[in-house]
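Novice:
Numbering (the numbering used here), first residue to last: 25 to 984.
Spelled out as structure tokens, the structure:
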């Protein structure tokens, strides 16, 4: 069957996509979803257990807290609060942990430890997957049942300030909000000031029930300079002062007889030793959880914090506020929060949590009845009913109390077992679907490789033996074999497989396709081998050997590249991929060293004139120059090995050994900043010497000034020191220094582009073209130098030096072809990627380099164009003030308020004159309205009908 090349390629591409999709379907666990309804409701709550009587009330116990304040500090590690430096970093918080009415826990966050998945976990109680890492870049609205939706449905008034990811996840849920962008990591001051500026006015008000604050400054400092930076302590002390302000305000507003408040201090994720996050190391997943409330017992001293899951907070807050638990939550209520309530309420809270987890277990696990936690919950529920019967009969004996404590313990154990079973369900891979997808992909790739010569021939057609394959006996035998394997797997699998859930028609089509592809592969292989034997008149093996004459280096490059590709099928090799590249690079250096020895020693013994042709020179003593070149070529591979070994000790990477100390940590410590400064200065000078040799004098000057600017930038952000710099000098963002370097980068690139265009258009000068290309290369090196962290500058130095030596003494002199040189460049590039401390862990992604030299970052206007003030006439808003506007929804007003900088709040319902005048606010210039008005509260009803007073800066308060 003859198929056109275009049709054949399209067919392969479509089927490859299907195979990859099947593999990904098995690789990414399916989120746990309840089949009951989309949202949990109070009417869906189970009745209170009662044995031998009519069903008891389905009431929910009274809420535990009236107001809740959640202070979320991004990238807050548990050792920042509970560690040895906790008293120095956050003294007031540590005092409350040790002596206050509080509960302290280490909350474990599940990977991926990225902000958006963590917010989903903190609000839904679910464990997000790695696909949410991509969604973190542009978070859509969260439609899943969550704590924020439940609070809004119950009439809770919520206020939010901080990371605008919350605003995107929960649009129109907050009565008032002010979002700040989370990706501009160079800003670690204003991003927090924009949150704190609202606190004084908000804490004085009584029109909210839940206040959420998300501070980003600590996370940004981590991305910039790591957890051991000198900026960490001032930022943590700032957070401690904010917590003290909130706690003092809540205490002052506490009223007798009312429900107490709850103040929550937590982190969404931790921070790795390099300052990033996203992986599963202990510093990244361990976050502090501090609960403060007068409802708790006062501590007598420092106690070791308990360990809970981060997903345990949503059900705890839901029950504390009198809300239903989210349907898909896998968390369990924290028992310590309930310890001061009555035993009946404690049992009721645990029963509600257990009922929700058992329903989710039924929908997610096929054999849920075999789960130990489910059976424990049923036993505890029956014992709870017996306890309730005795309780309602008025029994007050000690037996009732002991029985209740026993039921309480049974509930706690059942909740732990069910939560663990549901969490494990999320980590299970569908191996059958993954293997099936991989088989499809590899079969199609082999067919494509075997058919490639025909597809690229002049006929542009491929001869596929489809009919002969379908009519062959092996085809039917393969169909029977694969069908029996499918039946065996699907009947014996402990968990559900996606491939097993497909209809038999689709399964049979997949089995027939795989069997046909196998027969086609065998046919193509057997057709290729005899054809080669007939043409060359010898055995197929000798034919292949004679046609493909591969050197030892070719075999190494081919085997290494293919072996690395195959190693990616194992997760352990992916986690420690740097070890593969280190081994391959060392082996490559030894192979190159063998080639050098063969060229300069063994081969030159038989050719007397070989040395004359190696390096043509007009020097009167060419033998001495050739002699020095020979020893430099011999020294290059061992020198490369030495550099690679030293660079390996600079940064620990991977997963298993990433926590071990390395030279990078030693250099970045404050005690060794002088050593780092000297090393950085030496590296910058060395980079200049390596790069400037082919540049014009203008580019040389620009390169020197640019490298000086790089050092100045690193000194400005606090990484290195100037000799005249005082130790007490405060660090800056280095914006001007970075822009200074950018100017010289653009100048060098412009000069190189100009020379390159002149060589192509005006004159065909090879030297001018070479200089232009080299100057463009120099500009890119200067850019990389600016973006590299200070302790990684030796990596760039060694990279440039090895490239220079290999190009001058190895690649050109040994006459390596383009393919060999390209693959060696690829190997070196991969190894130097890991020398910088990078890995396949998303925690090593350094997003701070994207904001070097930027002072501000605006994703887009929150409000665009002319705006209405809720029924008021259209106002022309100056474009420069648009980013200062955010929306707030006010009960009783159908349209949103506008929250203006200052801040000022103007409700259109109140902005109209009582006489019905729809003009703008009186006596105020519209272009200055948004920066010169402050709300002073509502005027007395007798004076102004309850309308708000607007204070014009520098003027007396005006009533609308």
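Beta carbons: idealized from backbone N, C-alpha and C, even for Gly. Note that the coordinates shown come from a computational prediction; the quantities given were computed from them, not determined experimentally.
Can you give me the C-alpha to C-alpha distance between residue 255 and residue 245, rounded to a whole angstrom?
Specialist: Locating residue 255 in the chain shown gives position 231, where the first residue counts as 1. Locating residue 245 in the chain shown gives position 221, where the first residue counts as 1. Each residue's Cα considered, the two are about 7 Å apart.
Novice: How far does the alpha helix (DSSP H) with residue 590 in it reach, from first residue to last?
Specialist: Locating residue 590 in the chain shown gives position 566, where the first residue counts as 1. Its alpha helix (DSSP H) spans residues 576–591.
Novice: Secondary structure at residue 28, three-state DSSP: helix, strand or coil?
Specialist: In the chain shown, residue 28 corresponds to position 4, counting from 1. Here residue 28 sits in strand by DSSP.
Novice: Do residue 369 and residue 146 count as a contact pair if the criterion is CB distance below 8 Å?
Specialist: Along the chain shown, one-based indexing puts residue 146 at 122. Along the chain shown, one-based indexing puts residue 369 at 345. The answer is no: Cβ separation not under 8 Å.
Novice: With DSSP as the reference, label residue 507 as helix, strand or coil.
Specialist: As a working note, residue 507 is residue 483 in the chain shown. DSSP places residue 507 in helix when its eight states are reduced to three.
Novice: From what residue to what residue does the beta strand (DSSP E) around residue 237 run?
Specialist: Sequence index remark: in the chain shown, residue 237 carries index 213 (1-based). Its beta strand (DSSP E) spans residues 234–239.
Novice: Below 8 Å on the Cβ atoms is my guess for residue 466 versus residue 672; work out the distance and round it to an integer in Å.
Specialist: By one-based count along the chain shown, residue 466 stands at place 442. By one-based count along the chain shown, residue 672 stands at place 648. Residue 466 to residue 672, Cβ: 34 Å. No contact.
Novice: Can you tell me where the beta strand (DSSP E) holding residue 182 begins and where it ends?
Specialist: As a working mapping, residue 182 is identified with position 158 in the chain shown. 182–187 is the span of the beta strand (DSSP E), which, as asked, contains residue 182.
Novice: With three or more beta-carbon pairs closer than 8 Å as the criterion, would you say the stretch 356–364 touches the stretch 467–480?
Specialist: Flag = no, the stretch 356–364 and the stretch 467–480 do not touch.
Novice: Considering residue 126, what are the terminal residues of the beta strand (DSSP E) in which it resides?
Specialist: The residue labelled residue 126 in the question sits at position 102 within the chain shown. Element bounds for residue 126: 126–132.
Novice: Tell me which same chain residues have a C-beta within less than 7 Å of the C-beta of residue 761, skipping the five on either side of it?
Specialist: Numbered from 1 along the chain shown, position 737 holds the residue referred to as residue 761. For residue 761, where only same-chain residues beyond five positions count, the Cβ hits under 7 Å are 733, 736, 737, 740.
Novice: If contacts are defined as beta-carbon pairs under 8 Å, then residue 320 and residue 343 qualify, I think. What distance do you get, rounded to the angstrom?
Specialist: Position 296 of the chain shown, counting from 1, holds the residue named residue 320. Position 319 of the chain shown, counting from 1, holds the residue named residue 343. About 15 Å separates the two Cβ atoms, so there is no contact after all.
Novice: Are three or more beta carbon pairs between the stretch 324–336 and the stretch 344–358 nearer than 8 Å?
Specialist: Yes: the two stretches touch, three or more of their Cβ pairs being nearer than 8 Å.
Novice: Quick one: Cα of residue 486 to Cα of residue 595, how far?
Specialist: As a working note, residue 486 is residue 462 in the chain shown. As a working note, residue 595 is residue 571 in the chain shown. Computed Cα separation, rounded: 37 Å.
Novice: Is residue 310 helix, strand or coil by DSSP?
Specialist: Your numbering for residue 310 matches position 286 in the chain shown. Strand at residue 310.
Novice: Anyone know if the C-beta pair for residue 295 and residue 307 falls short of 8 Å?
Specialist: Here residue 295 refers to the residue found at position 271 when the chain shown is read from its first residue. Here residue 307 refers to the residue found at position 283 when the chain shown is read from its first residue. A contact, by the Cβ cut-off of 8 Å.
Novice: List in chain order: all unbroken alpha helix (DSSP H) runs of 4+ residues lying wholly within the stretch 261–321.
Specialist: Those alpha helix (DSSP H) runs which fall completely within the stretch 261–321 and span 4+ residues are 306–309.
Novice: The alpha helix (DSSP H) with residue 526 in it runs from where to where?
Specialist: For this step, residue 526 is matched to residue 502 along the chain shown. Segment: none, residue 526 is in no alpha helix (DSSP H) and carries neither H nor E.
Novice: Does residue 204 come out as helix, strand or coil in the three-state DSSP assignment?
Specialist: Counted from its first residue, the chain shown places residue 204 at position 180. In this structure, residue 204 counts as strand in the three-state DSSP scheme.
Novice: Are the Cβ atoms of residue 521 and residue 454 separated by less than 8 Å?
Specialist: Walking along the chain shown from the start, residue 521 turns up at place 497. Walking along the chain shown from the start, residue 454 turns up at place 430. Yes, they are a contact pair.
Novice: For the 8 Å Cβ check, are there 3 or more pairs between the stretch 707–727 and the stretch 763–779?
Specialist: The answer is yes - the stretch 763–779 touches the stretch 707–727, with three or more Cβ pairs under 8 Å.
Novice: May I ask you to report which of helix, strand or coil DSSP gives residue 199?
Specialist: Against the chain shown, residue 199 aligns to sequence position 175. Coil.
Novice: Per DSSP, which one or two residues make a beta bridge with residue 330?
Specialist: Translated into positions along the chain shown, residue 330 becomes position 306. In DSSP, residue 330 forms a bridge with 129.
Novice: Closest to residue 806 by C-alpha separation, out of 125, 768, 375, would be which residue?
Specialist: As a working note, residue 806 is residue 782 in the chain shown. The shortest Cα separation from residue 806 among 125, 768, 375 belongs to 768.
Novice: Candidates 416, 804, 758, 526: which alpha carbon is nearest residue 456's?
Specialist: Here residue 456 is taken as the residue at index 432 of the chain shown, counted from 1. Checked all of 416, 804, 758, 526; the closest Cα to residue 456 is 526.
Novice: Buried or exposed: where does residue 185 fall if 16 or more other Cβ atoms within 10 Å of its Cβ makes it buried?
Specialist: Taking the chain shown and counting its residues from 1, one reaches residue 185 at position 161. Per the 10 Å Cβ criterion, buried.
Novice: Indicate whether the contact test is met: 3 or more Cβ pairs, each with one atom in the stretch 833–853 and one in the stretch 653–660, closer than 8 Å.
Specialist: Output reads yes: the stretch 653–660 touches the stretch 833–853.
Novice: Is DSSP giving residue 739 helix, strand or coil here?
Specialist: Here residue 739 refers to the residue found at position 715 of the chain shown. If DSSP states are grouped into helix, strand and coil, residue 739 belongs with the helices.
Novice: Name the one or two DSSP bridge partners that residue 114 has.
Specialist: Within the chain shown, numbered from 1, the residue matching residue 114 stands at position 90. Paired residue(s): none; residue 114 is not in a bridge.
Novice: Indicate whether residue 204 and residue 219 have their beta-carbon atoms separated by less than 8 Å.
Specialist: Against the chain shown, residue 204 aligns to sequence position 180. Against the chain shown, residue 219 aligns to sequence position 195. Taking 8 Å as the Cβ cut-off, residue 204 and residue 219 qualify as a contacting pair.
Novice: I think residue 287 touches residue 93, with their Cβ atoms under 8 Å apart; what is that distance to the nearest whole Å?
Specialist: For this step, residue 287 is matched to residue 263 along the chain shown. For this step, residue 93 is matched to residue 69 along the chain shown. Contact flag correct, Cβ pair sits at about 5 Å.
Novice: At what residues does the alpha helix (DSSP H) containing residue 172 begin and finish?
Specialist: Here the question's residue 172 lines up with position 148 in the chain shown. 171–177 is the extent of the alpha helix (DSSP H) around residue 172.
Novice: Can you grab the Cα-Cα spacing for the pair residue 380 / residue 413, in whole Å?
Specialist: Along the chain shown, read from residue 1 onward, the residue named residue 380 stands at position 356. Along the chain shown, read from residue 1 onward, the residue named residue 413 stands at position 389. Approximately 23 Å, taken between the alpha carbons.
Novice: Looking only at its own chain, which residues have a Cβ that is under 6 Å from the Cβ of residue 816, when we skip the five neighbours before and after it?
Specialist: If you number the chain shown from 1, residue 816 lands on position 792. Only 860 meet the Cβ criterion.
Novice: Going by C-alpha distance, which of 105, 590, 541, 687 is nearest residue 260?
Specialist: Residue numbering aside, residue 260 sits at position 236 when the chain shown is read from its first letter. The shortest Cα separation from residue 260 among 105, 590, 541, 687 belongs to 105.
Novice: Check this for me: beta carbons of residue 389 and residue 445, under 8 Å apart or not?
Specialist: Locating residue 389 in the chain shown gives position 365, counting from the first residue. Locating residue 445 in the chain shown gives position 421, counting from the first residue. Yes, Cβ-Cβ distance for residue 389 and residue 445 is below 8 Å.
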